[in-house]
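If you're matching positions, the sequence shown starts at 92 in our numbering and goes up one per residue. Following: one structure in structure tokens, then a few remarks.
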Amino acid sequence: MSKEGTSAGYPRAVGKPRTPAARSREVAKRLATLYPAAECELEHRNAFELLSATILSAQCTDARVNMVTPALFAKYPTAADLAGANPTDVEELVRSTGFYQTKARNLIGMARNVVDRFDGEVPTELEDLVTLPGVGRKTGNVLRSVVFDLPGLAVDTHVGRLSRRLGLTTEEDPVKVEAVLNSHLPPEEWGKFSLRLILHGRRVCDARKPRCHDCELQDICPSSNLPTRDKVAMNGTKSSKRK
Ligand code: SF4
């Protein structure tokens, strides 16, 4: 293996999973071997910091978010501090992450809600998390799985794309993708499965140019642009029959 997540050791079409559920379990197993750690790449020390960083990560790279959060958290270390912030000051701190006015408004709104409605503690239930400004199911599930060690399968663009390419679901709606994947895997695997799909999407299964020749899932992926051993064998059989 040249680096984490890649291999030139294809194809290995042995005992192929036949159903989306079985394929999900096989994908989860292989990704766990490829990305054993699967840490969230947004730097944080507690739930408030990860919630803030995740709000900032919309339409922005984790690396960029990690560049602005140290100064943000130094100035506003708690939800109570951020709740009383001047919006212009927050805008300046998060400007480089894009959509900075909306993000500053959501950060302050989130902090005020956490202080006023949850005694300053970030809630753990998804139904509460999604009531906070700037927080949807994706962010809520990231919080649950990464900080609270609770079941939560975040569906971002990578998770949706890979799930469809791998034939785990045909759904386009992230909420439906989440429901289908949740039905395929045990709750304790949801969070890591999401993080690992994201890593594989970033490193191997690129949106425009998937590197199928380097992919450990190639032999079980219906979207692979490479011939599998089965297909090669099938073609060979067909051509020999034609002769
Ligand atoms: S085989 Fe290709 S399309 Fe399938 S998951 Fe791997 S990189 Fe993506």
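All residues carry an ideal CB built from backbone N, CA and C; glycine is no exception.
So does the segment 146-153 actually touch the segment 187-205, counting three or more Cβ pairs closer than 8 Å?
Judged by Cβ distances under 8 Å, the segment 146-153 makes contact with the segment 187-205, as three or more pairs qualify.
Quick check on Gly-106: buried or exposed, where buried means 16 or more other Cβ atoms within 10 Å of its Cβ?
The residue in question, Gly-106, is exposed, as its Cβ has fewer than 16 Cβ neighbours within 10 Å.
In this structure, what does DSSP give as the bridge partners for Cys-296?
The partner list for Cys-296 (beta bridge, DSSP) reads Pro-301.
Does the Cβ of Val-295 lie closer than 7 Å to at least one heavy atom of the ligand SF4?
Yes, the ligand SF4 has a heavy atom inside 7 Å of this Cβ.
Grab me the residues of Gly-282's own chain with a C-beta within less than 6 Å of its C-beta, minus the 5 sequence neighbours each way, in chain order.
Taken in chain order, the residues that qualify are Ser-236, Gly-243.
To test your reading of the DSSP string, which unbroken alpha helix (DSSP H) runs of 4 or more residues are found completely within the segment 215-246?
With a minimum length of 4 residues, the continuous alpha helix (DSSP H) runs that stay inside the segment 215-246 are 217-220, 228-237.
Please check the pair His-291 and Ser-115, which I expect to be a contact at CB under 8 Å, by giving their CB distance rounded to whole angstroms.
In fact, because the Cβ distance is near 14 Å, the residues do not count as touching under 8 Å.
Less than 7 Å separating the Cβ of Leu-253 from some heavy atom of the ligand SF4?
Yes - the ligand SF4 has a heavy atom lying nearer than 7 Å to the Cβ of Leu-253.
Out of curiosity, what's the CA-to-CA distance linking Ala-298 and Phe-239?
Distance between the alpha carbons of Ala-298 and Phe-239 is about 30 Å.
How would you call Gln-309, buried or exposed, if buried means at least 16 neighbouring beta carbons within 10 angstroms?
Buried, because 16 or more other Cβ atoms sit within 10 Å of the Cβ of Gln-309.
With DSSP run on the structure shown, which of helix, strand or coil describes Ala-149?
Reduced to three states, the DSSP call for Ala-149 is coil.
Let me know if Val-124 comes out buried or exposed under the rule of 16 or more other beta-carbons within 10 Å of its beta-carbon.
The amino acid occupying residue 124 in the given sequence is Thr; Val does not appear at that position. So Thr-124 ends up on the exposed side.
According to DSSP, is Asn-197 part of a helix, a strand, or is it coil?
Helix, per DSSP.
Taking 8 Å as the cut-off, decide whether the C-beta atoms of Leu-241 and Gly-231 are in contact.
The answer is no: Cβ separation not under 8 Å.
So, is Lys-166 buried or exposed, given that buried needs 16 or more other C-beta atoms within 10 angstroms?
So Lys-166 ends up on the exposed side.
What does the Cβ neighbour count give for Ser-187, buried or exposed, with the cut at 16 atoms within 10 Å?
So Ser-187 ends up on the exposed side.
Counting along the chain, where does the alpha helix (DSSP H) carrying Lys-267 start and finish?
Where Lys-267 is concerned, the enclosing alpha helix (DSSP H) stretches over 265-275.
Do you know how far the Cα of Phe-139 is from the Cα of Ala-170?
Roughly 7 Å between the two C-alpha positions.
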